[in-house]
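Structure, as structure tokens:
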Amino acid sequence: MNSTPQTESRHNSREIPALPGEYIAGLVDGEGCLALGYRRTRNVLGGRERLYYSWQPQLAIVMHKRDRPLLEAVRHTIECGTVYEHRSTVSLRVYAIADLAEKVVPFLRSFPLRSEKRVEFKLWARAIDLVWQYCARPGRNAAPGRKGFRPQNWPEAVTAELTDLALQLAALKGHGRRPKFIR
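If you want it as structure tokens, here you go:
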């Protein structure tokens, strides 16, 4: 993908106005995507290939590149995410699970969605709660002083619930196909 992150605005952050929460909720309702992906990562180390799988929730708002200042204002207001440009579009994407769990979900609970996307939001927010609960972070399941990959041994019930949530989200979006890498 030839998109490049544009984390620095052309404007000083003091010049970017904060947007009303209801406006941002409406923008997510109309232009937003609440995604829950299951990602496969290949790593070749010492001639041996290893495959790692992880849940990757994200919020994306994609618009025409002329609307970049609007997405910069959204980013400034919710205090997270990265604005990317790709060809004639610009998108605000939030991948960091901490930002999703501690900023985006509470924000959208304070300013509820009004379209049918509110059903998607309930499923997506539950998935984020589960991923946040079991992800590696200091003081949780990350071993101090250890570097590198630490396998996540999530309870089978949690994995099954996340899989079910991903399938329900795909059905609501009308994909009609099973998400990649989910057995």
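So the sequence shown is numbered by numbering that gives the first Met the number 0: it starts at 0 and just counts up by one. All C-beta atoms in this analysis are idealised placements derived from N, C-alpha and C, irrespective of residue type, glycine included. Remember, it's a predicted structure, so these values are computed and weren't measured experimentally.
Endpoints, the alpha helix (DSSP H) within which residue i is located
i      : result
Ala24  : 20 to 30
Arg176 : Note, Arg176: premise wrong, no alpha helix (DSSP H); not H, not E.
Leu171 : 155 to 171
Arg108 : 104 to 109
Segment limits, beta strand (DSSP E) that includes residue i
i      : result
Tyr133 : Per DSSP, Tyr133 belongs to no beta strand (DSSP E); it is in the alpha helix (DSSP H), 116 to 133.
Pro90  : Per the sequence shown, the amino acid found at residue 90 is Ser instead of Pro. Taken as a continuous stretch (DSSP letters only), the beta strand (DSSP E) holding Ser90 covers 88 to 93.
Cβ-based neighbour list, residue i, same chain, cut-off 7 Å, excluding 5 preceding and 5 following
i      : result
Ala170 : none
Val118 : Leu171
Arg49  : Asn42
Ala165 : Leu35, Tyr37, Pro178, Ile181
Pro19  : none
Where residue i falls, given that 16 or more other Cβ within 10 Å makes a residue buried
i      : result
Ser109 : exposed
Leu58  : buried
Gly31  : buried
Leu107 : buried
Gly138 : Reliability fails at Gly138, whose pLDDT of 49 lies under 50, so the model's placement of it is uncertain and the value that follows must be treated cautiously. Gly138 is exposed by the Cβ-count criterion.
Ala207 : Coverage of the chain is limited to positions 0 through 182, which leaves residue 207 absent and any answer about it impossible.
Gly46  : exposed
Beta carbon of residue i nearer than 8 Å to that of residue j
i      : j      : result
Ile60  : Val27  : yes
Val89  : Asp66  : yes
Leu122 : Gln167 : yes
Arg74  : Leu99  : no
Ala126 : Leu161 : yes
Leu112 : Ala24  : yes
Thr183 : Tyr22  : Past the boundaries of the shown model lies residue 183; the chain is included only from 0 to 182, so the question cannot be answered.
Lys64  : Glu84  : yes
Sequence-distant residues of the same chain with beta carbon closer than 6 Å to residue i, five excluded per side
i      : result
Ile96  : Val130, Trp131, Cys134
Ala156 : none
Give, in chain order, every unbroken run of the alpha helix (DSSP H) that is at least 4 residues long and sits entirely within the segment 26 to 83.
Entirely contained in the segment 26 to 83, the alpha helix (DSSP H) runs reaching 4 residues are, in chain order, 67 to 77.
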